[in-house]
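One structure is given below, encoded as structure tokens.
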Amino acid sequence: MNTFKAGVGGMARATYAERTAHAAETARPGWWAAAPGAEAVLVGEALVGLALWIALPDAGDPYGRDTGVTAVALLFFMPIVCVVGGLLLLGGAFLHAMLFTRPALALAERTGRPWAAVVWLHAASALGALAPWAYGAPYVDSWFWITAAGVLPLGVAGRALRTGRAPASVVARTGLATGLIAFAAAVAVVAGQGAPEGYEPPELGRAAYVGEWRGAAGGTVRLREDGTARVDGVPMDAFRGGAATCTATGTWVERPSGTQRARRAGVDLTVRDCDGYEEAWEVAGSAGQPELFQLYGDPDQGALWLLRKA
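Numbered according to full-length UniProt numbering, the sequence shown spans residues 1 to 310.
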């Protein structure tokens, strides 16, 4: 009798355990229900950024180089770009949700503390910022932009979970809204409505040019108050022939913008002992961190020689 009761009790416990496991499994949200709308929001953010980047090529390059993308090239490569870029964009959105949004919401649900999602987002962004930092990007700026990109997907998905809306409805509405926003941004920028202004080089007086300028890839230029100059290891235009670098003395004068030599303001260096030396240097950077540069080779896609004020 006791054996029979033990067997029945064991079967009951096993059945109860199976039911509990099945209930937990069925209650566990699926992929779309875990963070509804997160991928669609990130895709929308990327599309808005892409629309601004395409419509504002001059704002992205302070040295006046053309992107070289013409309307014919865009029409020719558009199908390829749409297919390949769309797949990469979707893959990136799913990867972002897997690393940022879904773990953040899962942590908040398990701990019962909504702020845990924000902690996860910041911690994951801090770790992710190490990748661009390793390639020379500022760490704090990278951390900020990675975190900012995850705020809206986390907010939309978290609100959808709190309100209990159907995941399919949230995904559909979010996808439609982000698509409309991206299209409106592209139209507004192309039409010149609400577009940010392009880059404007700083206006420097003669005194701001006096001093030592160091090359990003080596070489220095010293501009003295009396109009004399000395260049040490400054590269020269390879298309003009002569040595690869120049070390000599010469003179310099301030050059206003809009001249035949260069469209920007800057300085003209005269160094007669260097064969093939390009004299015109144009100003870039900002008033607090001025730069002098030359473009050589293709005017649109050529290489850049850059000097920064020491």
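Each residue gets a CB set at the ideal place from its N, CA and C atoms; glycine is no exception.
With a threshold of 16 other beta carbon atoms within 10 Å, Gly288 falls short and is exposed. Taken in chain order, the whole beta strand (DSSP E) runs of length 3 or more contained in the region 114–147 number zero. Of the residues assessed, Val221 falls on the buried side of the cut-off, its CB having 16 or more other CB atoms within 10 angstroms. In the DSSP assignment, the residues bridged to Leu306 are Phe293. The DSSP-derived three-state label of Arg206 is helix. Excluding residues up to 5 positions away in sequence, Ala265, Val283, Ala287 and Pro290 lie with their Cβ nearer than 8 Å to the Cβ of Leu204 in the same chain. Counting C-beta atoms within 10 angstroms of its own C-beta, Trp115 has fewer than 16 neighbours from the protein chains shown and is therefore classed as exposed. Within the same chain, and ignoring the five residues on either side of Leu304 in sequence, the residues whose Cβ sits closer than 7 Å to its Cβ are Tyr63, Phe293 and Leu295. Under DSSP, Cys246 shares a beta bridge with Val234.
The shortest CA-to-CA distance from Glu212 to any of Ser257, Arg224 and Pro201 is the one to Arg224. Inter-segment contact for the region 83–91 and the region 104–123 is absent: fewer than three beta-carbon pairs are separated by less than 8 Å. CA-to-CA, the gap between Arg113 and Leu154 works out to about 15 Å. The three-state secondary structure of Arg263, taken from DSSP, is coil. Residue Trp281 holds the alpha-carbon nearest to the alpha-carbon of Pro256 among Leu42, Gly128 and Trp281.
Per DSSP, Glu279 lies in no alpha helix (DSSP H) segment and is marked neither H nor E. The beta carbon of Ser125 lies closer than 8 Å to those of Phe100, Trp143, Ile146, Thr147 and Gly150 in the same chain, with the five residues before and after it left out.
Around the beta carbon of Ala46, 16 or more other beta carbons lie within 10 angstroms, which makes this residue buried. The beta carbon of Gly285 sits closer than 6 Å to the beta carbons of Glu291 from its chain, once the five residues preceding and following it are set aside; these are given in chain order.
Annotation for Ala129: Tyr139, Ser142, Trp143 and Ile146 place their beta carbon closer than 6 Å to its own, counting only its chain and skipping 5 residues before and after.
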